[in-house]
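Numbers 1 to 414, taken from UniProt numbering, label the letters of the sequence shown in order. C-beta atoms are modelled at their ideal positions from N, C-alpha and C, and glycine is treated no differently. Report on one structure; see the data block that follows.
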Amino acid sequence: MASLYYTGKTAYHAVWANKVRSGLTVLGIVIGITAIMLIVSIGEGAQRLILGQIEGLGAETIVLRPGREPKGPTDFAQTLFADSLKARELEALKHKENVPELVATAPVVFLSDSVSYQGEVEYPSIFGWSAEFMASMMKVELKSGTLFDENDIKQSATVAVIGSKVAEKLFGGEDPLGKSVRVRNTNFRIVAVLKPGNSGLFNVDNMLVVPYTAALTYLSQQKHYSEIMIKVSSPEVVARSVEDITLTLRELHNITDPAKDDFYMETQQGTIDQIGTILSVLTAFLSAVVAISLVVGGIGVMNVMLVSVTERTKEIGLRKALGARNHDILVQFLLEAIFLTIVGGVIGVTLGVFLGYLASIALSQGLGVDWVFTFPWKAMLVGLGVSAVVGLIFGIYPASQASKKSPIEALRYE
């Protein structure tokens, strides 16, 4: 034990005696560990943000979409033109005997068009929706006015709710309430303005919401819904309700082969699982790519250690002449390599955490979202462990070369 302590102390002093060279040696390790910590921290922060927003939609929410379920990027195009969800399907779902646990439904019509007011033009996200369903699901708050209700939906009333950004760009300092904006060839009277802020996956500042019936009557060239949002009594009955909805629509569409379903559903839990998996895989992939720099850093450590062995040949000979064994020399140079990489790992972890924290602040302010800094404990442990392993692997050969030197030849070396 005393011999190991003395060897370790000797290795420490040897590293500390060459501060500049030691610093340059560990630079590759520092860069690699810093990058891994930063990527994992941002990845976990993004995962928490996205999953938190999805969970905010409610675990009891089911999203029913037209067309076959997309299996790849090319399949999404067919869903844009699918017309299997219309008023007939909506009425069938509302029957209690078909979906007993259904609490509320809200068709959604997505539109892309300009909105104008007295020469000012804006391009917000336009939704044909139920304002009350939107408010309860997204938990938005009103800045002024009153949301349109079911009577407005039944009458296809030309009324609208707008976000704060749209109101500011179109009306400036004017009060939007009671004024009319023009969408295509129809005037919509503003009945409410939303408070600023993001909610869920929607940017409420850049929204214009009209009754879905008015959207189909005046704005959309189609007569089908882009999707139907369904709320059931509790998260526990979601799976059963999905089966009820499936059976109802198959019967309505005379579908006997499940492979020919012209609709599909997404639940919040399913979406959470999918996105969590995708983000985890992406973070792991990026970390693996960045980890290549650790190998480069390890090679740098090995090269410097080989140079160090050559420079310190006389020192090695003197130690052996004084009784040091091959094992002692091997352990000394191996400890030097491990010490260098661990120090690089500690610096990399510290720098990565600091940059990750700064990145979370910048993303919060830049994107206007509640981006929470996440300390990547697993990445820290892996980073320090990998640093030690790199030092061990790339330090073995130089240490072995040092231990094999003959003391007589080493003492003669100039």
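Whole-Å CB distance - residue i paired with residue j, under 8 Å assumed
i    : j    : result
Y117 : V181 : 5 Å
G348 : G32  : 7 Å
S226 : F373 : The pair is not a contact, with the Cβ atoms about 36 Å apart (cut-off 8 Å).
L102 : S241 : 7 Å
E60  : S234 : 6 Å
Buried versus exposed, by CB contacts within 10 Å (16 or more), residue i
i    : result
E243 : exposed
D257 : exposed
A2   : Interpretation of A2 is limited by its pLDDT of 44, a score under 50 that renders its predicted location unreliable; the figure taken from the coordinates is listed afterwards. Counting Cβ neighbours within 10 Å, A2 comes out exposed, since fewer than 16 surround it.
W377 : exposed
Q268 : buried
G128 : buried
Q365 : exposed
Q221 : exposed
S124 : Sequence check: residue 124 is Pro here, not Ser. P124 is buried by the Cβ-count criterion.
L330 : buried
I361 : exposed
E174 : exposed
I299 : exposed
A410 : With a pLDDT of only 46 at A410, under 50, the local geometry of the prediction cannot be trusted, and the value read off the model is given with reservation. Buried, because 16 or more other Cβ atoms sit within 10 Å of the Cβ of A410.
G28  : buried
G383 : buried
G178 : exposed
Beta-carbon gap between residue i and residue j smaller than 8 Å
i    : j    : result
K86  : K260 : no
P211 : I153 : yes
N206 : K165 : yes
L194 : G172 : no
V108 : V204 : no
L252 : A92  : yes
T246 : N98  : no
V209 : M134 : yes
A192 : V161 : yes
K49  : V115 : Residue identity differs from the one stated: residue 49 is Leu in this sequence, not Lys. Contact: no.
L358 : I228 : no
F339 : V353 : no
L381 : W371 : no
Proximity to residue i [Cα-Cα], best of the options
i           : options                : result
V281        : G43, G28, T34, F263    : G43
D218        : V159, I342, L358, L351 : The question names Asp, yet the displayed sequence has Tyr at residue 218. Measuring from the Cα of Y218, the nearest candidate turns out to be V159.
S387        : V121, R88, G345        : G345
G67         : D262, A167, S156       : D262
T146        : E60, P176, S156        : P176
A106        : I342, E120, S136       : S136
E168        : A157, E122, F133, T186 : E122
L351        : I255, V26, T34, L27    : T34
M37         : A284, D83, L247        : A284
V390        : L381, T341, I361, M380 : T341
S156        : F188, L170, K94        : F188
E69         : L330, Y264, S84, I29   : Y264
F148        : T213, K94, E174, M380  : T213
S112        : V382, R184, E174       : R184
I278        : P196, Q47, L363, R250  : Q47
residue 415 : I62, V30, S84, G28     : Beyond the ends of the chain as shown, which are 1 and 414, falls residue 415; an answer cannot be given.
G385        : F375, V353, V343, F354 : V343
S130        : S144, L142, E150       : E150
L335        : L355, F375, A379, I393 : I393
residue 445 : V30, I62, G28, I29     : No answer is possible for residue 445: it lies beyond the span of the chain, which begins at 1 and ends at 414.
L142        : A337, A82, G356, P196  : P196
Terminal residues of the beta strand (DSSP E) in which residue i lies
i    : result
S180 : 180-183
L64  : 61-66
L227 : First, the amino acid is wrong: residue 227 is Glu here, not Leu. Looking at the DSSP string, the run of the beta strand (DSSP E) that includes E227 is 227-232.
S116 : 115-117
N98  : Counting along the chain, N98 falls outside any beta strand (DSSP E), and DSSP gives it neither H nor E.
S125 : 125-129
A192 : 186-194
L147 : First-last for L147: undefined, no H or E at that position.
L208 : 207-211
T267 : 263-267
V121 : 120-122
Unbroken alpha helix (DSSP H) run spanning residue i, endpoints
i           : result
S241        : 238-252
K154        : 150-154
F171        : 164-171
residue 448 : In the structure displayed, the chain extends from 1 to 414; residue 448 sits before or after that span and is not available.
Min CB distance residue i to chain D below 8 Å
i   : result
E89 : The displayed structure is made up of one protein chain only, and chain D is not part of it.
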